[in-house]
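For reference, the structure is listed below as structure tokens.
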Amino acid sequence: MEEIRIKNAFPTQETAEQRGTWTELGDYFRRQSIWMLMYCTGCCAIELPQAMTTVYDMERLGMGPMATPRQADVLLITGYLSLKTLRRLIYSYEQMSEPKYIAAFGPCVLNGGIYHDSHAVLNRLDDYLPVDVYVGGCMPNPESVMNGFVDLMNLIKDGKATGWKRYRDNHEWYRANQIAAVGEVFVHDEFHE
Amino acid sequence: MILGILAGLGIALFGFTLQSSVAGINRKVVARVQKRYGPPWYQEFLDIFKGLSKRGVTHGWIFDFGVIMAVGGIIATAMFMPITSNIAAFSGLDNFFIFVYLLAVGMLGMAMSASGSGNPLASIGVMRALTQMFAYEVPFLVIVMTIIKVTGTSSLVEIMAYQGQNGWFMWTMPLGFVVASISLLGMLGKKPFETFIAPAELASGPMVEYGGKHLGLLFIMMEISHFIEVSLFVHLFLGGATTIVGYLIKYFLVYTAANLYSYLNGRFKIDQVVVFFYKWILPLAVLQAVWVLWR
Amino acid sequence: MLNLELVVLATLLGGVVAYLLSMINKRVGSAVTILVSGAVFSLLAYYGFGNSIDQTVELIPNFVMFKVTALGTFFAVLVSFVFFMVSFFNPFFAERYKYPNAFNLLYLMTLAGVVGVFYASNFITLFVFFELVVWTSMFLIPMGKGTKASITYFVFSTVGSFAMLYAIIFMAVGFGTTDIDTVLAGLTGTAALIVYGLLLVASFAKLGAYPFMVWLPKVLGNAPDPVSAVFSGGIEKMGAFIAVLAMIKISPASAMFEAVGLPVQNYIVGVIAAVTIIVGTMMAIRQDDAKKLLAYSSAANGGYILLAFTIGNSVAITGGFFHIFAHALASTAAFLAIGVVTYRTKTSKISELGGMIHHMPITYVVYLAAIISMAGIPPMGGFISKWLIFQALIQNNLVFLATAAFIGSIGSFLYVFRPLAALFLGQKLPKYKDVKEAPLLMLIPMIILTLLSVVAGVFPTLFLPMINNIMTELGFQTLMTSGFQIIGFNGTLDPALVAAVFGTGVLVVFILFMIFPKSRKVGLMDTYTGGEFIYTEELLHYSADFYAPLERLYRKEPFVNKIYDSIRIKVEELGAFVRYFFFTNKPEVTVFWIVAILLFIVWGDII
């Protein structure tokens, strides 16, 4: 879109970062009990109840749903990314406690998916919020979802899931992209005032 | 006294470990009932340590101070709890009323901290928690008053000894046992009395703004308060225990029974909870007391 | 030696001096009230506990006679302490009154009257000073908002005073003297029951027991804040004093209620006390005005005091006196904290306030300590007295009264939490942006009251000698203690140990808290809103109708007003009846009277 954005400036971490023993111990706890924020953005969210219940039990990985961003570890972005949703997503992501991860479902967050030429949808999430793991499929079936979660756990184990540090260190770049895309991020809602 | 305090801290740590393990095993039991696998038995420990290792937010000094006061009060209550007739930190001084009121300190601390976060959902959750306490605590206190008068003492260790000679109160005061079981469900915050957490209505009620170490500490508080409540029930109605193995078995059975029963129920509204306790449970408790004491 | 009548006269004189000095400068006049009440308290405490108060009367006329007793000393020192602490608030509220000079004069006259009541030796003295307190406090009330509250107070006090006057005259005619001790010890039989009942009516009217509790919320809600604090902490204790006289000094022998081991009339008073506790608690839960809430709380605690005295054994009576002590401290501190809020924000309605803790943290801590004591939670003084009362209730098999006491105890968690959550905590409302902490002179009494509450809760045995003197004087066994522990009927309580364990727990958690990663500080409006962007603080503040689900269950219960409505309707009917027969211009009634009078005149001739 605009020239402000620098495409592909921050590819996903290929090399693991150096960690101290306390951080490694913390990562051990953090990967064994990931809590997800029940914020289901789009159509891929239909696959989550199957992953939570009997056949593809998510709880044996230690994952479970939690109600508010403050308590959650992973923000699941399931589906296409409209402008209004992006504002709320940024608000919720910034409210989460660190360290935090993002798992993105479906092709709509990679390149727009089947809505790639819509006026209300943004094509590439990684310019606005740092994504740690992608799960493919439109929509991904529950085995892929479970596989994605296990991939996230392995990334945390190797120390490669550092999206939150990227966001913290390059905050102005992300903020510039967000403002270029949606205008005002924390909007003053004209319905309530 | 220093020795007693150290022993008390050991009991609190033991209680925390016990309850977390039993809760983890229960998650597996419930999962098997629901035909899935369930997490490993040490999952609760993982959840708590994960919470403690994250960096959350704070809304001011009262937010932190309330959590500290809450967890401190609960640990203090746990320090008084006897495990068996022989393992107790302050034998003879563990008055029943201390338990009731120190639990109230814990609740007050959490309530202060939740309201201090500025979120109305937290205040509503606290309001429901207090109203629920108003409902379940009064019949429980009436039944315990009967027990205290019958045994002539309000120290838990001596009540255990009395039951060893005269039979468990589960058989000799059956109405009281029924009342206490239902009050136990209310105390544990399990369905049908889960109103104050109410995850889908209130976004987990008082815990709405807790992240990181506050959440970890609050989970510790919930585990230890469950330990205290189930232990009270075991000591008062099931005769306590003279050996640690007997205590562990009774504890596990009571908690599993309460947990499994709670999964069969929906959730009451808060005014239904109050009406239920005052219309059915309190008259039962008073009837039991009058039957035992005035005859 | 301290001459008691000089103390009383000096207080009255101090009132006049305050009046005159207030005409020059209002603050100086209020400072005089501080000095005089402080002097009264310290002199009474020093000489009273040293047992060297002189009770001779020289200057006042002969019917006023004082007698120094341990009971009187306890009450007088406590109430004068409350007056002293509250007087620190007088200079700041002086410019809000319509008649500030008269306020200072009346304040000190009330103090003099109260001291006279507690040290009275015969009933005439008691009655004179009792009425003096009623008259002076009656004129203190309307300096707040409106005058109707004062009329309500006067009506109920009059009922009590007339009952007491009738009892006094009854006893004087029967015994020929009005000396308190001889008369009360000599009553027997039905005379004892009649005097018992009448004195208890007077006590109920003063304490605010059911059904006389109507005046408490009206008065304490509309009076100025220092007056509310003084009422709750001081003047209601006069009612407790009369209750002690009635219940403990007269022991009418009558039928016993076997199952609980109490005489029947004691049980009836106990039932009234239990109803007071329940009604006070339920009404307090649904109040929106913080002062009215604390007024109902005072009524409920008065019910606890009455309940303790009805049981009548040593543990219960000690518990009753300790509850008087702890409740006076806690209630005064709570009223003073709300007074600070009113001083800074001109309102005390909970639904209009919010987030005061960020402006006035010390006031918040004072209020928190006061409500912990009122709810009866360790490590404050309220826990000790509640523990003692529960011991006595359990010992006597009092199932229904104990149920009411438990309901009151748990319900008190609910209503004390309401101002805490909705007034002090919650969102910071923008219209109170410039509110500051209370001035230093207001902070001093609040901090002193809090520290005393804590000491009373952790080391209650320090205050027990004062109560043990009263117990030996009344002829009861004193409470058994051993070191710092208190021994009740079915258990031992070690408050110092409880406080130490609580402190250890908090310390352990504090260390744990500091080890883990530090949290980042965010503002109050940055909170979970389900993804919505909200910028007005009122939308995120939960304060109106705080206990709405519980209140809905009894929203339509008026509790007390039905009785008074029916009395009012009967009085109106009587008036209509009289007007119909005696003040009419209807021809048929005139014919009726003509026929009746003629019949009356010629009756003798016909029969």
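Chains A, B and C, in that order, are what the protein sequence lines are. If you read the first sequence in my numbering, its first letter stands for residue 385, the second for the next number, and so on. If you read the second sequence in my numbering, its first letter stands for residue 76, the second for the next number, and so on. If you read the third sequence in my numbering, its first letter stands for residue 219, the second for the next number, and so on. Beta carbons are placed, not taken as given, at the ideal position from N, Cα and C, and that holds for glycine.
Check whether residue i and residue j have beta carbons under 8 Å apart
i	j	result
C:V351	C:M465	no
C:V258	C:T229	yes
C:L425	C:A461	yes
C:L438	C:K509	yes
C:I495	C:A622	yes
B:P114	B:K103	yes
C:N440	C:I359	yes
B:G141	B:M202	no
A:V569	A:Q562	yes
C:T499	C:G629	yes
B:M76	C:L715	yes
C:V335	C:F459	yes
B:M154	C:V558	no
C:I568	C:S761	yes
B:A360	B:P214	yes
B:W369	C:N519	no
A:S481	B:G191	no
B:V105	B:F327	no
A:M537	A:R403	no
A:I349	A:V458	Residue 349 of chain A falls outside the range modelled here, since chain A spans only 385 to 577, and no answer is possible.
C:G247	C:L239	yes
B:F312	B:F244	yes
Which residues DSSP lists as bridging residue i, in chain order
i	result
A:E482	B:R130
C:M698	C:I705
A:F489	A:T462 and A:V519
C:I271	C:L220
C:A338	C:F284
A:W376	With chain A represented from 385 up to 577, any question about residue 376 of chain A goes unanswered, as that position is not in the structure.
C:M474	C:P481
C:R738	B:V132
B:N170	B:S230
C:D399	For C:D399, which the question treats as bridged, DSSP gives no partner whatsoever.
C:V297	In DSSP, C:V297 forms no bridge with anything.
C:D507	C:K567
A:V505	A:S466
C:T710	C:I705
Nearest-angstrom Cβ-Cβ length linking residue i and residue j, presumed shorter than 8 Å
i	j	result
C:L411	C:Q505	Not a contact, Cβ separation roughly 37 Å.
B:Y322	B:T159	5 Å
B:V305	B:Y330	5 Å
C:M303	C:T343	About 27 Å separates the two Cβ atoms, so there is no contact after all.
C:M578	C:A656	6 Å
B:G90	B:Q118	The Cβ separation is near 18 Å, so there is no contact.
B:F172	B:S229	7 Å
Proximal chain C residues relative to residue i, where beta-carbon distance stays under 8 Å
i	result
A:L479	According to the sequence provided, residue 479 of chain A is Gln. The question's Leu does not apply to it. By Cβ distance, chain C contributes D744 and Y746.
Neighbour list for residue i in chain B, Cβ cutoff strictly below 8 Å
i	result
A:D441	A106, R111, Y112 and G113
A:R552	By Cβ distance, chain B contributes nothing, its closest Cβ being about 11 Å from A:R552, past 8 Å.
Closer than 9 Å at the beta carbon, the chain B residues around residue i
i	result
C:Y765	M202, L205 and T206
A:P483	S128, K129 and R130
C:R738	R130, G131, V132 and T133
Any non-hydrogen atom of the ligand MG within 7 Å of residue i CB
i	result
C:L416	The ligand MG is absent from the structure shown, which contains no ligand whatsoever.
Proximal chain B residues relative to residue i, where beta-carbon distance stays under 7 Å
i	result
A:T438	Q109, K110 and R111
Contact set between the region 466 to 478 of chain A and chain C, restricted to residues whose Cβ is under 7 Å from the partner: The region 466 to 478 of chain A vs chain C, Cβ under 7 Å: R472, Y475 and S476.
Residues within the region 401 to 416 of chain A neighbouring chain B, beta-carbon criterion of under 7 Å: Flagged, chain order: G410, F413, R414 and Q416.
Near-chain C residues of the region 323 to 349 of chain B (beta-carbon distance less than 8 Å), N- to C-terminal order: Within the region 323 to 349 of chain B, the residues whose Cβ lies closer than 8 Å to some Cβ of chain C are K344, I345, D346 and V349, listed in chain order.
Proximal residues, the region 479 to 499 of chain C versus chain B, C-beta separation under 9 Å: Listed by position, the residues of the region 479 to 499 of chain C near chain B (Cβ gap below 9 Å) amount to none.
Near-chain B residues of the region 763 to 788 of chain C (beta-carbon distance less than 7 Å), N- to C-terminal order: The residues in question are F764, Y765, P767, L768, R770 and L771.
Interface positions of the region 242 to 264 of chain B facing chain C (Cβ-Cβ less than 8 Å), listed along the chain: For the region 242 to 264 of chain B, which is checked against every Cβ of chain C, not one residue is closer than 8 Å.
Near-chain B residues of the region 444 to 463 of chain A - C-beta to any C-beta below 7 Å: Within the region 444 to 463 of chain A, the residues whose Cβ lies closer than 7 Å to some Cβ of chain B are R444, G446, A451, T452, R454 and Q455, listed in chain order.
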